[in-house]
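Each protein sequence line maps, in turn, to chains A and B.
Under numbering that gives the first Met the number 0, the first residue of the first sequence is numbered 0, with each subsequent residue one higher.
Under numbering that gives the first Met the number 0, the first residue of the second sequence is numbered 0, with each subsequent residue one higher.
Heads up, the beta-carbon is just placed ideally off N, CA and C, and yes, glycines get one too.
Below is one structure, written out as structure tokens; the observations come after it.
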Amino acid sequence: MSGGLWREALGALRDDRLAMTSAALLGVIAFAALVGPSLIDYREDEIDWSNMAAPPFEAEGHWLGTDRLGRDLLVRTLFGLRVSLAIALAATLVSLVIGVAWGALAGFRRGRTDALMMRFVDVLYSLPQVFFVIILTVVFGRSPLTLLVAIGAFGWLTMARIVRGQALALREREFVDAAIVGGSGTLRIVGRHIVPNLLGPVIVYATLTLPQVILVESFLSFLGIGIQEPLASLGNLIADGAAEMETAPWMLAVPAACLMLVVFCFNFLGDGLRDALDPRDR
Amino acid sequence: MRYKGRGMSTIALILRRLLGAIPTLALIVALSFLLTRLAPGGPFDEEQSLPPEIRANLEAAYGLDQPVHLQFGRYVRGLLRGDFGPSFKFRDFTVGELIADGLPVSLALGVAAMLLALAMGIPAGIWSALNRGRAADRIVMALAVAGISIPVFVIAPLLALIFGIWLRWLPVAGWIPGRPSDLVLPVVALSLPVIAYVARLMRGSLLEVLRAPWIRAARARGLPERAVVLRHALPAALLPVVSYAGPAAASVLAGSLVVETLFGLPGMGRHLVQGALNRDYTLVMGMVIVYAALMIALNLIADLVYDSLDPRIRRERRL
């Protein structure tokens, strides 16, 4: 993809108001998750004995109220966002690396290697992936590291399929023939010539993978299999809120709204990027 | 039905699909077995330090002192007899007993959710397509986007809050066998995302099919609109919905973990979550294998329905 095409895509993206709003919101949210907790007087695991289960805007200094242990909900939500976003980014990166390498190699080698590699992807596709992530958390313990590796290890399949399709097409282009004639090996061609040329679809799909990963992580944390107390993630905050919803519905509403906002923004941004980077639609 | 010998070929097709499912199932068993053996340490590490002799006896009793391939052979032979081994943590139960205990509840939940999703999603999609661009269409599609994006673990507590706690129409949690009202909220929560997705698929594919030349031909023959839509367009338009059965099952099964935990239903999902929290290897392994088998079975049924709906595949099969 030439510089001109990138510039054109950026221009198209800038005209997409929904995608730009989402990107801006995500920026604000990420900034708040990073910096916010240090601006608030309470730490995420600090107990305010005089304000337990306080509703939003009532207790001094607790804008969004507190949970049943008197911990500030705003700080905990921002902290949970930080954890959820960090795991999502890392797991997406894991699935990105595996998916791109796998797909690019299969598409470049073609023939039997390709058939074998993609058959493997097909079989993994037919498995209930969430359940295998659960097995991995059982085996390796419920640490954030296990969680991101497990989610990443089963999240690369669609990426591999997309990349393989693109690589198959790129394989036919003259510059690949030129590189072969020039004596470059498979790894060098895949790394230097194939992968850089399929960045567009990879970026789009990575953006769309992020919200999926956030949802899987929150799902596991909701069940108690993911992020563990006292560490917060959006999932276990929602589980806490669900347990207390009769008496403290705001504890459910705040993290749930936060999760939905992030997921929506990533999806809108991903859709916008896809429209901008796909020259066919222009 | 019109063709001679079609009955035979259907049976042959089912057999071929069944045979095709065996390698997938074998891979699932092998993968889940190997993954649990990757674990650092054994299942008895968390107990207060056992005397070495007792530990050795325990491991011998579970066959853990043998080489991995022998353990695998033993496990597979057990599976073929329907024996999933003992639960490591619920000492008085075998995994098979826990599965037999939870499966009926989970099946009732899952089947009801899938049927509700089809019964609501297909008509909603058709209605939306026929009112394309009007307010009805926009409302249905906006609801569908919301339904797809809101995860079960958010929608289920919200439903419990609104209909269970505020309105007091339905029980919030619990399970008394034979009281169907216990299943209403769980089934609705499970099926909402699937309803939304089915409605969107149905609308899109019906709109596309209605543009096809043979639909114009049917209209040109003067058929009433109702017959054109229901008899001519619908079977073709249903194909994408049928292909969605696999992902839908995956979503319902994963969602059932949330719903069973939240509403306190004694299904397989709750056992699986408990097993995962207890690091009960054999229990989790057995549950995952059963879930995977359920998914494969549903995919199989979906494939067969697809074949019977698509005349092109029917014709190919005769050749």
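Run down chain B in chain order and give the residues with a C-beta less than 8 Å from the C-beta of I133(A). L271, A275, V283 and V287
Would you please state the rounded distance, in angstroms, between the beta carbons of L222(A) and T260(B)? I believe it to be under 8 Å. 6 Å
Short Cβ contact (9 Å threshold) for A249(B) with M244(A): no
If we cut at 9 Å on Cβ distances, does M19(A) have a partner in chain B? no
Which of helix, strand or coil DSSP assigns to D71(A): strand
Length of the line joining the Cα atoms of S105(B) and G182(A): 59 Å
Mark E52(B) as exposed unless 16 or more other C-beta atoms lie within 10 angstroms of its C-beta, in which case mark it buried. exposed
What number of angstroms, rounded off, separates the C-alpha of D309(B) from the C-alpha of L238(B)? 7 Å
Looking at chain A, is there any beta carbon in it that lies within less than 9 Å of the beta carbon of M113(B)? no
Chain B contact for G79(A) (CB, 9 Å cutoff): no
Does the CB of T9(B) have a neighbour CB from chain A at under 9 Å? no
Meets three-Cβ-pair contact criterion under 8 Å: the segment 119-131 of chain A and the segment 184-197 of chain A: no
Could you tell me whether the segment 85-101 of chain A touches the segment 149-158 of chain A, where touching means 3 or more Cβ pairs closer than 8 Å? yes
Euclidean distance between Cα positions of L251(A) and L18(B): 47 Å
Helix, strand or coil: how does DSSP classify P85(B) here? strand
Starting from L186(A), trace the alpha helix (DSSP H) in both directions and tell me its first and last residue. T185 to I188
Closest to E7(A) by C-alpha separation, out of G199(A), P36(A) and I39(A), would be which residue? G199(A)
With distance defined between alpha-carbon atoms, name the residue in A253(B), F32(B), F83(B) and T93(B) nearest to I294(B). According to the sequence displayed, residue 294(B) carries Met and not Ile. M294(B) has its Cα closest to that of A253(B), out of A253(B), F32(B), F83(B) and T93(B).
Shorter than 9 Å from the beta carbon of M201(B) to some beta carbon of chain A? no
Applying the criterion that 16 or more other CB atoms from any shown protein chain within 10 Å of the CB defines a buried residue, is W213(B) buried or exposed? exposed
By the three-class DSSP mapping on this structure, what secondary structure does T20(A) have? helix
Taking S255(B) and L108(B) to be in contact with their CB atoms under 8 Å, please state how far apart those CB atoms are, rounded to whole angstroms. 6 Å
Would you call the CB atoms of I288(B) and V67(B) closer than 9 Å? no
Euclidean distance between Cα positions of V74(A) and C257(A): 13 Å
Helix, strand or coil: how does DSSP classify T9(B) here? helix
Quick one: grab the DSSP three-state call for T93(B). strand
Sequence-distant residues of its chain with Cβ nearer than 6 Å to L209(A) (five each side left out): A87, T91 and F265
Identify whether T35(B) lies in helix, strand or coil by the three-state DSSP scheme. helix
Tell me whether T246(A) is buried or exposed, calling it buried when 16 or more other Cβ atoms sit within 10 Å of its Cβ. exposed
Would you be able to state if there are at least three C-beta pairs under 8 Å between the segment 222-241 of chain B and the segment 156-170 of chain B? no
Could you run through the segment 177-211 of chain A and flag, in chain order, every residue whose CB is less than 8 Å away from some CB of chain B? none
Among the residues of its own chain, which have a CB less than 6 Å from the CB of N235(A), if the five just before and after it don't count? S220 and I226
Span of the alpha helix (DSSP H) holding I161(A)? L156 to R170
What's the C-alpha gap between R111(A) and F119(A)? 12 Å
Establish whether the CB of Q165(A) and some CB of chain B are separated by less than 9 Å. no
Can you give the Cα-Cα distance for E58(B) and G101(B), rounded to whole angstroms? 28 Å
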